[in-house]
Amino acid sequence: MQLEGSISYQSLPFHNKLIKDYLNRNPQLKKFYSYSPDTEGLLKAAGQRQFSAKERGILVEALCLQYGGLADLGAVGLNLDKLRLLNSFTVTTGHQLCAYTGPAYFIYKIASVINLARQLNEADKTKNYIPVFWMASEDHDFEEISQVNFYGKSWKWEKENENFGKIPVGLINPNYLASWAGEMRQYFREELNMTALLEIFEKAYSAADTLAQATRMILHELFGESGLVIIDGNDSRLKEVFKPVLLLELVKDISFKAIKNSTTELLELGYTGQINPRDTNLFYFASGAAR
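Okay, so the sequence shown: first residue is 1 according to this note's numbering, each after it adds one.
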């Protein structure tokens with residue numbers, strides 16, 4: 001059902017045919033997904049998910065350690081406790097760790113996942129639906145996260161040493177970014193909310209040792225009251241649980257084969273390919289880069 005005053009995806013010019021046909025439940029796309037893109041479909045998906053108490057315990061332990069430097073977790077702390085329960089499920093989005101959050105849809109994605117979790121909690125009182133933001137801390141593409149543009153002004157984070165672009169971006173020290181806040185304030189002299197926001201960025205980038213830590217501090221300050229749980233996948237405890245999947249990817253190239261087959265079928269149906277997979281879709285870390 002479309003709300004009064006809202007704009008349908010189908011009427012927007014920048015969505016391609018594949019997305020519009022998916023949202024319109026085009027029968028020829030049914031083979032590519034298991035659940036419909038609506039509340040009913042998401043509730044059915046949750047009904048098919050099962051995670052053991054042991055796995056949940058490892059997840060919560062890792063998250064509590066990741067949040068160790070932050071006090072008064074409030075709604076986030078309550079959601080961490082709920083993650084131990086077998087009837088709790090996550091609604092997840094994620095993004096690269098862009099300087100000053102980068103494009104606007106970084107924030108829109110988070111707001112959307114928080115809103116979606118609320119809708120699911122209202123629709124199904126028997127389960128807990130928890131909004132999660134996955135930090136793409138293992139990505140190595142420094143150039144893609146290093147620039148901010150607005151009001152015709154551009155700020156560029158130049159490489160500070162030869163490791164930039166070779167190590168996971170989440171491990172880079174972000175202190176240099178704090179200096180941008182002072183320059184940006186001149187564009188928002190009369191906007192108190194923007195001044196407060198820049199203070200959040202400045203404080204996080206000054207205090208944190210890594211970009212992942214700074215991003216967590218910023219997002220927790222902005223969305224912590226909504227219970228948003230922020231997870232850093234570059235964690236040895238979590239990778240230990242994920243090891244069977246990593247081995248399948250490393251030995252059998254499961255992602256490459258699955259994506260190649262789906263892309264071939266989509267092209268035959270007249271759609272465009274969505275991604276170009278590598279033979280092995282894993283990040284390569286130098287020794288000691290994984291935490």
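Yeah, the Cβ is synthetic: ideal placement off N, Cα and C, and Gly gets one too.
Values in this document were obtained by computation on a predicted structure and should not be read as measured data.
Contact annotation, Gln28 with Leu269: C-beta distance approximately 6 Å; criterion of less than 8 Å satisfied.
Annotated three-state conformation of Lys54 is helix, per DSSP.
The three-state secondary structure of Asn128, taken from DSSP, is strand. Annotation: the continuous alpha helix (DSSP H) that includes Ser179 extends over 178 to 184. The distance from the Cβ of Leu238 to that of Ala62 is about 5 Å, consistent with a contact at the 8 Å cut-off.
Non-local C-beta neighbours of Gly5 in its own chain, meaning closer than 7 Å and more than five positions away in sequence, are absent. Here the C-alpha atom of Ile7 lies approximately 41 Å from the C-alpha atom of Glu55. Check the Cα spacing between Leu97 and each of Gln119, Pro174, Leu86: the tightest is with Pro174. Taking 9 Å as the cut-off, the Cβ atoms of Ile230 and Phe106 do not count as close.
Secondary structure of His15 (DSSP, three-state): coil. Listed as beta-bridge partners of Val229 by DSSP are Val132. Residues Ala99, Tyr100, Trp155 of the same chain have their beta carbon placed closer than 6 Å to that of Val148, with the five preceding and five following residues left out of the count. Setting aside the 5 residues that flank it on each side, Tyr9 is surrounded in the same chain by His15, Ile19, Lys20, Leu23, each with a C-beta closer than 8 Å to its C-beta; the list follows chain order.
Sorting Thr264, Lys257, Leu80 by C-alpha distance to the C-alpha of Asn281 places Lys257 at the top. Beta-bridge analysis with DSSP links Lys20 to no other residue. Secondary-structure assignment with DSSP links Gln147 through a beta bridge to Lys156. In this structure, the CA atom of Phe201 is about 35 Å from the CA atom of Arg278. Thr93 is the residue among Asn163, Glu40, Thr93, Gly102 whose C-alpha sits nearest the C-alpha of Leu228. Within the same chain, Ile130, Val132 come within 7 Å of Thr90 by CB-CB distance, once the 5 residues on both sides are set aside.
Taking a 10 Å sphere around the C-beta of Asn115, we find fewer than 16 other C-beta atoms and assign the residue as exposed. Between the alpha carbons of Pro244 and Leu78 lies a gap of roughly 30 Å. When the Cα atoms are used, Ser206 and Tyr176 turn out to be separated by approximately 8 Å.
Apart from sequence neighbours up to five positions away, the residues of its chain that approach Ala117 with a beta-carbon distance below 7 Å are Val91, Tyr129, Ile130, Pro131, ordered along the chain. Residue environment for Asn261: exposed (fewer than 16 other C-beta atoms within 10 angstroms of its C-beta). Between the alpha carbons of Asp209 and Glu40 lies a gap of roughly 43 Å. If you look at His95, you'll find it in the beta strand (DSSP E) that goes 88 to 95.
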